[in-house]
Amino acid sequence: MALNYQDRIPNNVELGSNRILQRALEHWQPEFMRWWQDLGPTDFQASDVYLRTAISVDTKGWATFGYVRMPEYRWGIFLADPENDRRIGFGDNFGEPAWQQVPGEHRANLRRLIVTQGDTEPASVEQQRLLGHTAPSLYDLRNLFQVNVEEGRHLWAMVYLLHAYFGRDGREEAEELLERHSGDADKPRILGTFNEPIRDWLSFFMFTYFTDRDGKFQLKCLAESGFDPLSRTCRFMLTEEAHHMFVGDTGISRVIKRCLEVMKELNSDDPVAIRKAGAIDLPTIQKYLNFWFSTSIDLFGGDSSSNAASYFANGLKGRPDEAKFEDHVAAGKSFALELPDGAGGVRTEEIPLRNAMNEVAREAYLKDCEQGMVRWNRVIEKFGYSFRMTLPSPRFRRNVGSWASVPTDTTGKIISREEYNARQSEWLPTDDDRAFVYSRMHGVFEPGKIASWIAPPERGINGLPFEYEYVRLQ
Ligand SMILES: [Fe+2]
Ligand SMILES: [Fe+2]
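Take 24 as the starting number for the sequence shown in my numbering and just add one per residue.
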């Protein structure tokens, strides 16, 4: 299905045939633009950025590349094509026709799911708004802006659903999505991770690797939804999301590679010497990883959750890749959960599988995260070093679920509160680490040049070389 670029709001939902909805969205559009100008990327708004824009929802060739000024980006509403006779794929309504309208009894829950997802999209743009000034290269600057404009589009995707299917409540929620702000003392974003500031590029790469990946799994679960417009919306968002994780994956890999090159040059793995030579040492990278991984896994919610059970039972939110499971009803089954026993040990509790759906999604996420470790460790191995990047235990530094506030080390072993506090600087970035990383951040805006703490990418964007002028500064 081709996208309609004639309309003020590009779309493939025949917006033109629904005057009321079109007017409501055209009313929201200037508010979005105001938000983008105020809280989107600081400066660079007049620069020409080599961006990809969605032009169809076809899996082959869905995007076009070219120079765009960010405020002129064509944010639009794109849903994956409908599936003929789509059925609800899980829960108590398994096998019944998917809903084209919101069932009254599920209205509040569906709205909550859409608002929670929608809130994360502009939040990340806000978190990253100052990063442009310290981009290590024009290639990276362009990738940052690509992620930013697409998160803006994901906000549009959720706002469309709110406006089209939730009446006045939906319109109010859409306004509030622009009123809450990341880190705001009075009106913060809904989820904690999205209130963490991102001041340096190492954090940005960790965020796009770990936090955007949480987004991928949330979208996968929502793509299973019995509410068909939500499913179709999320399916197309996943197409764009892949690039965000690519930015994180290759970004971390390039920071590691640069460190290894410096280690080779110096013939030393002494962090002080490595830092002096301008690179970021591996233990510091590991600490950033520990921080962003542990904050991102909280986003899946409690390990035993009655909300998750009812979302699943009612066909609102499924498991990632639901089709891979044999039993889509998952009633009367149990899941073995490992919990702290309150006396320094671990006990296993059987809980209903439906209550463990957050945990099922989290396990799939952990597996996906591991792939990065394998790739990065291969690079380290190739350079002949024994250091290995590792994911900390999912019990480490949790704020949500059964392990919340239980002091453990990074292997998940329960330890005393004193030891936990005493070893923070071993596991997580200290103020000094953050100050050092921040001190390395300087904008490099000459085509083909790159900062000293990161290696250039193996290839450029859309078949172009790294040296291409991906952003023409104005
Ligand atoms: Fe997104
Ligand atoms: Fe994303």
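Cβ atoms here follow ideal geometry from the backbone N, Cα and C, with glycine treated the same way.
Boundaries of the alpha helix (DSSP H) in which residue i is found, first to last residue
i, result
"F459", "D454 to S462"
"P294", "P294 to K299"
"Y73", "That residue, Y73, is in no alpha helix (DSSP H); its beta strand (DSSP E) goes D71 to A77."
"S147", "R130 to Q150"
"R176", "L161 to Y188"
"R440", "R440 to A445"
"M229", "W224 to M229"
"Y334", "S329 to A336"
Where residue i falls, given that 16 or more other Cβ within 10 Å makes a residue buried
i, result
"H465", "exposed"
"T307", "buried"
"R385", "buried"
"H129", "buried"
"E442", "exposed"
"K287", "exposed"
"D108", "exposed"
"K299", "exposed"
"A331", "buried"
"R277", "buried"
"S226", "buried"
"R176", "buried"
"P53", "exposed"
"D66", "exposed"
"R191", "exposed"
"Y90", "exposed"
"T87", "exposed"
"I43", "exposed"
Residue i, enclosing beta strand (DSSP E) - first and last residue
i, result
"F406", "Looking at the DSSP string, F406 is not in any beta strand (DSSP E), and its letter there is neither H nor E."
"T357", "Before going on, a small fix: residue 357 reads as Ser here, not Thr. Residues S357 to P363."
"I477", "Looking at the DSSP string, I477 is not in any beta strand (DSSP E), and its letter there is neither H nor E."
"P53", "Counting along the chain, P53 falls outside any beta strand (DSSP E), though it belongs to the alpha helix (DSSP H) covering R42 to L62."
"I374", "V369 to P375"
Backbone secondary structure at residue i - three-state DSSP
i, result
"V36", "coil"
"Y96", "coil"
"V80", "coil"
"R418", "coil"
"F259", "helix"
"Y493", "coil"
"P306", "helix"
"A246", "helix"
"V278", "helix"
"I320", "helix"
"V556", "Residue 556 lies beyond the stretch modelled for the chain, which goes from 24 to 497, so this question has no answer here."
"P120", "strand"
"M24", "Because M24 sits at a pLDDT of 49, beneath the cut-off of 50, its placement in the model cannot be relied upon, and the following sentence gives the value as read from the coordinates. Looking at M24 - three-state DSSP - the assignment turns out to be coil, as it is neither helix nor strand."
"R236", "helix"
"T434", "coil"
"A354", "coil"
"R5", "This structure cannot settle anything about residue 5, because the visible part of the chain is limited to 24 through 497."
"A265", "helix"
"R385", "helix"
"A158", "coil"
"A86", "strand"
Nearest-angstrom Cα separation, counted from residue j out to residue i
i, j, result
"L360", "E373", "6 Å"
"D142", "E198", "11 Å"
"F101", "E469", "35 Å"
"I32", "A47", "11 Å"
"V125", "E345", "21 Å"
"L245", "P252", "10 Å"
"L185", "P145", "15 Å"
"V423", "V352", "27 Å"
"S428", "I437", "11 Å"
"G112", "A354", "14 Å"
"G341", "A265", "20 Å"
"M24", "N34", "Note on M24: pLDDT 49, under 50, position unreliable in the model; no value is reported."
"R236", "V369", "29 Å"
"N381", "T453", "31 Å"
"N41", "A187", "9 Å"
"K390", "F335", "22 Å"
"Y493", "L376", "48 Å"
"F55", "P363", "45 Å"
"R222", "I303", "16 Å"
"E247", "F217", "24 Å"
"P480", "G395", "16 Å"
"D321", "R92", "36 Å"
"K356", "S333", "15 Å"
"M412", "A458", "22 Å"
"F117", "V270", "37 Å"
is_contact[residue i, chain D] using C-beta, thresh 8 Å
i, result
"T273", "The structure shown contains no chain D; it holds only a single protein chain."
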